[in-house]
Amino acid sequence: ATSISWSPDGKVLAVTFGNSDLDLVDAAIGRVLVGIQGDSHSFVCSLAWRSNRILTTERSDGSVVDCDIRKDDRAICDYKGYRLKFVVLNGLSCLGGI
Numbered sequence: 419a420t421s422i423s424w425s426p427d428g429k430v431l432a433v434t435f436g437n438s439d440l441d442l443v444d445a446a447i448g449r450v451l452v453g454i455q456g457d458s459h460s461f462v463c464s465l466a467w468r469s470n471r472i473l474t475t476e477r478s479d480g481s482v483v484d485c486d487i488r489k490d491d492r493a494i495c496d497y498k499g500y501r502l503k504f505v506v507l508n509g510l511s512c513l514g515g516i
């Protein structure tokens, strides 16, 4: 399934097409800024921004990964075995652990 999420400042769009890869697109010019390749064992299910630089991804293997989009080594925290439930309320993505 395709999943998209705008950064809080509206400058970057995170996009995944139901696979393990993730693109960060510059909203002003429509160009891919960064292509992030994931592992081949799981795919990205959901996306949510914590701030303009921290993007959280939920993966099909049950892991949740925080990525700092400004760093070359983007994964800054990996929550293995943690399951999130993403809910949209009034146009905002909300998440909570279960």
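For any residue, its number in the working numbering is found by taking its place in the sequence shown, counting from 1, and adding 418. Backbone N, C-alpha and C define an ideal beta-carbon position, used for all residues, glycine too. Here the structure is a predicted model, which is why all the values come from computation and not from measurement.
Measure the C-alpha to C-alpha separation of residue i and residue j and round it to an integer number of angstroms.
i, j, result
"Ile487", "Leu451", "10 angstroms"
"Ser460", "Thr434", "13 angstroms"
"Val483", "Ala446", "27 angstroms"
For residue i, does the three-state DSSP call read helix, strand or coil?
i, result
"Ala446", "coil"
"Asp479", "coil"
"Ile487", "coil"
"Asp441", "strand"
"Gly425", "What sits at residue 425 in the sequence shown is Ser, not Gly. In the structure shown, Ser425 sits in coil (DSSP, three-state: anything other than H, G, I, E or B)."
With 16 as the cutoff for other CB atoms within 10 Å, does residue i come out buried or exposed?
i, result
"Ser421", "buried"
"Arg449", "exposed"
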